[in-house]
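Asker:
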Amino acid sequence: MRVVLFSIGDFPVRAYGTVIAAAILLSLGVAFYLAKGTEYRKHLWDVVIYVILGAIVGARLWEVVFFEGAYYSQHLIESFAIWKGGLSIQGGLIGGFTVGLIYCWRKKINFWKFADIMAPAIVFGQGVGRIACLLNGDAFGSPTGSNFGLVYPPGTIAYETYGSQPLWPAEVWEGQWDFIVFGILLILKNRFWPRGFLFLSYNILYSLGRFMLEMLRGDTPRYLFDFTAAQWTSVTVILISLVFILWNYFYEKKPRAL
Numbered sequence: 020m021r022v023v024l025f026s027i028g029d030f031p032v033r034a035y036g037t038v039i040a041a042a043i044l045l046s047l048g049v050a051f052y053l054a055k056g057t058e059y060r061k062h063l064w065d066v067v068i069y070v071i072l073g074a075i076v077g078a079r080l081w082e083v084v085f086f087e088g089a090y091y092s093q094h095l096i097e098s099f100a101i102w103k104g105g106l107s108i109q110g111g112l113i114g115g116f117t118v119g120l121i122y123c124w125r126k127k128i129n130f131w132k133f134a135d136i137m138a139p140a141i142v143f144g145q146g147v148g149r150i151a152c153l154l155n156g157d158a159f160g161s162p163t164g165s166n167f168g169l170v171y172p173p174g175t176i177a178y179e180t181y182g183s184q185p186l187w188p189a190e191v192w193e194g195q196w197d198f199i200v201f202g203i204l205l206i207l208k209n210r211f212w213p214r215g216f217l218f219l220s221y222n223i224l225y226s227l228g229r230f231m232l233e234m235l236r237g238d239t240p241r242y243l244f245d246f247t248a249a250q251w252t253s254v255t256v257i258l259i260s261l262v263f264i265l266w267n268y269f270y271e272k273k274p275r276a277l
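Residues 20 to 277 (this note's numbering) make up the sequence shown, in order.
1) Tell me whether the segment 117 to 124 and the segment 165 to 178 touch, counting them as touching only if at least three CB pairs, one residue from each stretch, are closer than 8 Å.
2) Tell me whether Pro-162 sits in a helix, a strand or coil according to DSSP, three-state version.
3) Is the separation between the beta-carbon of Ala-42 and that of Ile-136 shorter than 8 Å?
4) Check the DSSP bridge columns for Arg-241 and list the partner residues they point to.
5) Excluding the five sequence neighbours on either side, which residues of its own chain have a C-beta within less than 7 Å of the C-beta of Trp-192, listed in chain order?
6) From Asp-29 to Tyr-35, what distance separates their C-alpha atoms?
7) Distance check for Ile-96 and Trp-64, CA to CA, integer angstroms please.
8) Taking Phe-25 as part of the beta strand (DSSP E), name the residues at either end of that continuous run.
9) Measure the CB-CB distance between Trp-81 and Gly-215 and report whether it falls below 8 Å.
10) Please give me, in chain order, every unbroken run of the beta strand (DSSP E) with length at least 3 that falls completely inside the segment 33 to 85.
11) Pull up the CB-CB distance for Pro-12 and Val-66, whole angstroms please, since I reckon it's below 8 Å.
12) Locate the alpha helix (DSSP H) running through Gln-145, then write down its first and last residues.
13) Since Lys-126 is in the alpha helix (DSSP H), which residue starts that stretch and which ends it?
14) How long is the line joining the alpha carbons of Tyr-69 and Gly-148, rounded to whole angstroms?
15) Tell me whether Arg-236 sits in a helix, a strand or coil according to DSSP, three-state version.
16) Spatial neighbours of Ser-226 within its chain, please: CB distance less than 6 Å, with the 5 preceding and 5 following residues excluded, ordered by chain position.
17) Buried or exposed: where does Val-32 fall if 16 or more other Cβ atoms within 10 Å of its Cβ makes it buried?
18) I think Leu-106 touches Arg-79, with their Cβ atoms under 8 Å apart; what is that distance to the nearest whole Å?
19) Rounded to the nearest angstrom, how far is the Cβ of Gly-146 from that of Phe-198, given a contact under 8 Å?
20) In the DSSP output, what is Pro-31 paired with across the bridge?
21) From Lys-208 to Phe-85, what distance separates their C-alpha atoms?
22) Taking buried to mean at least 16 other C-beta atoms within 10 Å of its own C-beta, is Ser-165 buried or exposed?
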């Protein structure tokens with residue numbers, strides 16, 4: 020764990036930003052490979068810029084409204100300080116998907132087919148991105164109550180919260196789950212499915228893993244049924260994805276006029 024990787028003069032090169040940048044580039048590389056031979060490949064450079072901007076806005080909005088609403092309601096100005104308080108990956112995904120949908124609508128391309136191509140690349144990037152959380156000492160788990168667990172060093176949010184107690188490696192396991200989902204999507208990709216199936220399966224699988232791992236988290240408030248905001252988001256995403264899978268399935272089965 021290392022918040023600052025190294026310094027160039029007085030400028031600190033932070034682990035979080037460096038790894039996130041690497042995650043975006045690697046994810047884009049995977050997307051280029053998966054989009055080979057399709058009409059969607061030429062759109063990747065354009066859409067990624069808009070998606071990143073949408074993801075930042077969505078990630079901050081989710082963090083401010085759903086994760087730390089009580090704090091930011093009393094500190095409205097700090098809501099815009101994205102370098103303080105963190106970003107929500109789920110909000111980032113929703114913001115990015117929303118912008119991607121608008122882009123596809125404007126360019127008159129099929130969102131579902133484009134999303135199916137992008138899904139493995141997105142979850143691959145998420146897996147790499149969780150390394151940033153580990154190095155930065157955030158997205159940490161709650162105390163394990165035993166000798167097992169991660170002990171974060173001084174200077175991290177986890178240490179400020181729990182000190183030298185061993186914590187559940189929630190962010191590590193989430194990153195590993197992301198790579199498992201990546202592998203599952205690559206396997207599924209070899210068969211024909213209704214439009215949007217890969218993308219919606221990604222949403223379901225990731226959200227299922229996130230829901231379970233949130234039980235170990237120690238950095239977010241809890242609400243109804245002792246669920247975190249991320250768990251409620253996961254449940255909502257799973258239900259909506261299941262509805263769209265059924266919708267698209269019956270859409271593909273619907274007879275077309277000749």
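Where is the CB? At the ideal position from N, CA and C, for every residue including glycine.
Answerer: Reading from the atomic positions:
1) no
2) strand
3) no
4) Thr-247
5) Leu-232
6) 18 Å
7) 33 Å
8) 23 to 27
9) no
10) Listed in chain order, nothing qualifies, since the segment 33 to 85 has no complete beta strand (DSSP E) run of 3 or more residues.
11) In the structure as shown, the chain begins at 20 and stops at 277. Residue 12 is therefore absent and cannot be evaluated.
12) Run containing Gln-145: 130 to 155, per the alpha helix (DSSP H) assignment.
13) 108 to 126
14) Roughly 19 Å between the two C-alpha positions.
15) strand
16) Ser-253, Val-256, Ile-257
17) exposed
18) Right, their Cβ atoms sit about 6 Å apart.
19) 5 Å
20) Ser-26
21) 34 Å
22) The residue in question, Ser-165, is exposed, as its Cβ has fewer than 16 Cβ neighbours within 10 Å.
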